[in-house]
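Some notes on the structure that comes next.
Below is the structure:
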């Protein structure tokens with residue numbers, strides 16, 4: 008991803024319209040008129056090879072003749088001419104262009120490559136950025152930029168809107184203007200040949216004039232780029248997305264249950280959640296969410312009280328909340344007594360709190376104060392229907408101070424029209440969102456709940472715990488390799504269960520047999536009763552052809568079953584080759600629950616995990632959820648929660664509770680498989696039976712990618728880079744030097760807690776007693792695609808605990824040109840050379856990824872840091888603010904690596 012030269016695209020000082028025209032209704036005519044009327048302070052030049060005047064002003068015949076290189080060029084010429092125009096602009100010095108033309112994916116006549124590729128090739132030597140083609144352009148109202156052929160301008164505001172649909176863009180612009188909604192940026196991506204969602208998200212994430220980012224998405228091309236940018240942006244400000252194409256689109260070719268259930272819309276939903284974004288269903292909900300989230304608010308939780316002056320409104324709100332799975336607060340006895348004291352006897356005596364239609368202003372504020380002080384209430388939805396008794400504006404003025412100063416969130420609903428216009432204006436003036444119907448108010452509350460759940464997953468710090476034996480990755484790779492070498496797309500059951508066991512997932516004892524006699528002998532070896540299952544590369548769903556027999560108690564019964572299965576398969580699936588039979592011991596788990604867990608391959612987001620209710624009718628159940636790997640314990644538990652099967656794990660009618668931890672372990676290990684085994688296409692464990700003792704796979708199907716078939720999409724999130732681990736010797740002690748993991752959050756907290764106040768001031772440039780949990784999560788849950796933190800761990804003590812001796816981190820810009828670093832060493836390890844070892848590790852890593860500049864800041868009094876920086880080649884200069892010194896390394900990183908002594912390896 009790249010934000011390089013995007014300032015020329017969105018903050019240009021000069022603009023040229025290539026193909027400007029006086030012909031009414033032409034793109035060149037509309038664009039020139041928009042560009043000149045938008046209010047941009049810099050020049051807007053017209054380029055037209057046939058006319059000396061366009062739009063009543065001087066025109067230039069070509070790019071080369073322009074008085075200067077425009078920051079931004081708006082290209083309105085036909086598709087065939089675009090590559091040559093881009094080449095001319097690049098040579099002139101222009102670094103950003105907007106291309107409107109469609110049809111660039113057609114081959115160019117002279118070369119056979121597409122016009123789109125020719126355009127990109129022409130832009131590449133100049134690092135010229137292109138928005139489009141096939142877009143309507145961009146508007147930045149705050150600087151008067153209207154580089155579009157939209158029928159009008161946008162109002163200035165603090166929302167950024169980014170869309171792939173040009174038609175929707177013009178509609179949305181008209182809709183927003185009618186409602187007075189303003190934008191910091193209004194961007195149409197079109198075909199996204201160059202500038203795409205990832206680039207724009209990175210740019211807008213650090214834009215001070217944008218308080219929330221709204222996306223209309225039809226498709227995602229580069230999933231990892233998109234996820235990295237979305238996660239980074241979501242940590243700074245709300246990112247709200249509408250995704251087109253919600254209808255079921257499970258791949259028809261998917262042969263496993265997992266593949267059939269993991270439809271692309273469900274995968275995108277999981278991606279949005281993992282990135283901390285909020286996904287909504289409609290454009291109207293998009294702006295409702297923006298209006299709610301973009302205002303500062305205190306979020307305590309999801310338990311909401313409904314306060315209304317009309318019973319009907321309260322019922323509608325309660326229904327909407329219940330149907331969407333919301334949490335209606337259960338009022339305590341103390342709260343009920345407090346409401347009795349300020350409300351008439353005819354009040355509703357429950358939640359919704361109906362204070363009756365004749366309520367004076369004081370009754371509103373008193374009831375509101377009671378609910379806001381109730382411990383069981385996290386927030387209030389305040390609803391008012393106009394009456395002839397008390398003007399709505401008086402009620403608003405009475406309640407505004409209580410709402411504005413509340414420590415809990417209050418959403419207001421003013422129902423009606425002119426009668427409540429004054430109240431709405433008062434709330435708008437105070438920066439408080441309001442809604443016109445109870446359903447929309449409840450919808451906004453639910454959006455907030457979803458958003459904060461997604462944000463919580465970004466900021467949680469998982470526990471570091473022992474996860475059992477390390478996976479036998481080499482053994483698993485060998486199993487997959489043998490199947491690929493043999494041309495077997497589906498592993499046989501014995502191989503599939505061996506693969507699971509290599510990752511520590513318990514399986515039922517399984518043996519492959521080619522004949523009935525071999526099956527009978529396998530049954531004797533395993534012990535009766537047994538199950539027998541037909542094995543054929545052409546028959547995946549065995550039960551559909553009678554290929555599953557359970558509870559067989561004798562050798563003869565096994566032999567007869569194999570004969571019958573062969574006959575049925577020959578009749579129902581002519582030509583199917585029978586590889587043999589899987590003989591499996593019957594597992595008795597009387598209180599077990601059948602679940603499904605698996606891996607599927609999404610064409611955009613790569614491997615995904617599916618979990619939920621299992622069994623033979625698995626496709627008929629809606630109790631499933633999707634997650635993107637890698638998972639940790641917290642993310643696995645969230646997957647269980649979202650699947651809807653948590654109640655299946657609870658104790659019920661004398662049966663003990665099932666082991667949730669066993670399910671979590673299985674999901675985390677499946678996640679590791681998805682990260683490790685690139686040749687894995689699909690995997691089903693169905694059923695995965697769980698009871699109080701643990702979880703066991705009774706049936707597993709695994710499909711691999713054969714040679715010559717298309718490779719699957721890469722993981723959308725870069726997994727933990729284990730290959731960067733190494734052991735180093737410092738002060739005669741062997742330390743583990745490795746990338747940080749999310750599970751290190753508490754270890755990082757302990758590290759900071761033991762640092763001296765002076766060390767903390769030198770690290771953070773201010774006195775800090777502790778680092779907030781959200782910051783610990785940010786420091787430990789890094790995006791390995793664009794940042795890196797190495798930590799040094801001491802040997803385990805008698806309790807098995809490893810402590811941090813130091814940390815060094817670098818955050819790279821999206822273009823991987825510059826990285827900003829920070830380092831801290833524990834007091835007990837200072838002066839022993841650990842800082843140099845860690846700096847060498849970081850600089851070698853940055854060299855390997857091609858980063859060309861490393862910068863940092865340092866207080867003047869931090870002599871040890873300054874000495875370390877100088878020793879590895881940093882130049883130390885005055886900082887821009889005069890407060891700290893600036894450390895800069897702009898050298899060939901190979902020279903840096905050669906100059907440094909490197910870490911002494913103990914591998």
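Residue numbers (this note's numbering): 8 to 914.
Ideal Cβ placement from N, Cα and C applies to all residues, glycine included.
Note down the Cα distance separating residue i from residue j, rounded to an integer number of angstroms.
i           : j           : result
residue 229 : residue 250 : 16 Å
residue 540 : residue 706 : 10 Å
residue 780 : residue 767 : 16 Å
residue 608 : residue 344 : 56 Å
residue 23  : residue 17  : 14 Å
residue 756 : residue 509 : 34 Å
residue 92  : residue 102 : 13 Å
residue 517 : residue 280 : 38 Å
residue 479 : residue 544 : 26 Å
residue 593 : residue 512 : 17 Å
residue 221 : residue 190 : 10 Å
residue 139 : residue 10  : 16 Å
residue 467 : residue 754 : 14 Å
residue 792 : residue 240 : 15 Å
residue 89  : residue 157 : 21 Å
residue 266 : residue 708 : The pLDDT assigned to residue 266 is 48, lower than 50, so where the model puts this residue is not dependable; a value taken from the coordinates is nonetheless given after this. About 11 Å.
residue 110 : residue 34  : 15 Å
residue 798 : residue 895 : 22 Å
residue 395 : residue 403 : 15 Å
residue 567 : residue 667 : 40 Å
DSSP has residue i in a bridge; who is on the other side?
i           : result
residue 691 : 605, 708
residue 294 : For residue 294, which the question treats as bridged, DSSP gives no partner whatsoever.
residue 772 : None, per the DSSP bridge assignment.
residue 168 : 193, 221
residue 703 : 696
residue 361 : 315
residue 947 : There is no way to answer for residue 947, as the model of the chain reaches only from 8 to 914.
residue 250 : 224
residue 453 : According to DSSP, residue 453 bridges with nothing at all.
residue 211 : Note: residue 211 sits in no beta bridge, so no partner.
residue 862 : 827, 895
residue 884 : 893
Are the CB atoms of residue i and residue j nearer to each other than 7 Å?
i           : j           : result
residue 385 : residue 308 : yes
residue 45  : residue 151 : yes
residue 835 : residue 612 : no
residue 328 : residue 335 : yes
residue 387 : residue 427 : no
residue 621 : residue 728 : no
residue 55  : residue 42  : no
residue 196 : residue 237 : no
residue 735 : residue 744 : yes
residue 27  : residue 61  : yes
residue 333 : residue 453 : yes
residue 212 : residue 243 : yes
residue 321 : residue 440 : no
residue 546 : residue 583 : yes
residue 134 : residue 12  : yes
residue 421 : residue 430 : yes
Would the C-beta of residue i count as close to the ligand GTP, meaning under 6 Å from any of its heavy atoms?
i           : result
residue 833 : Annotation note on the ligand GTP: not contained in the displayed structure, which lists no ligands.
Just list the alpha helix (DSSP H) runs in the stretch 306-347, keeping only unbroken ones of 4 residues or longer that don't cross its boundaries, in chain order. 318-330
The stretch 686-694 touching the stretch 650-659, judged by at least three CB pairs closer than 8 Å: Contact between the stretch 686-694 and the stretch 650-659 is absent, because fewer than three Cβ pairs lie under 8 Å.
Hey, which unbroken runs of the beta strand (DSSP E) at 3 residues or more fall wholly within the stretch 170-208? 189-195
Okay, do the stretch 574-581 and the stretch 493-503 touch, 3+ Cβ pairs below 8 Å being the bar? Counting Cβ pairs under 8 Å, fewer than three are found: no touch.
Below 8 Å, how does it come out for the stretch 181-189 and the stretch 114-129: are there three or more Cβ pairs, yes or no? no
Report yes or no: do the stretch 595-607 and the stretch 556-568 share at least 3 C-beta pairs separated by less than 8 Å? The stretch 595-607 is not in contact with the stretch 556-568.
4-residue-minimum alpha helix (DSSP H) runs that sit fully inside the stretch 486-571, ordered along the chain: 500-509, 523-533
Starting from the N-terminal side, write out each stretch of the beta strand (DSSP E) that is 3 residues or longer and does not extend beyond the stretch 38-73. 51-54, 64-67
When you compare the stretch 480-490 with the stretch 356-370, are there three or more beta-carbon pairs, one atom per stretch, that lie closer than 8 Å? The answer is no - the stretch 356-370 does not touch the stretch 480-490, with fewer than three Cβ pairs under 8 Å.
Counting beta carbon pairs with one atom in the stretch 801-820 and one in the stretch 848-856, are three or more of them shorter than 8 Å? yes
Beta strand (DSSP E) runs contained entirely in the stretch 108-161, provided each spans 3 or more residues: 136-138, 144-147, 152-155
Quick check on the DSSP output: what are the complete beta strand (DSSP E) runs of length 3 or more inside the stretch 620-645, in order along the chain? 631-634
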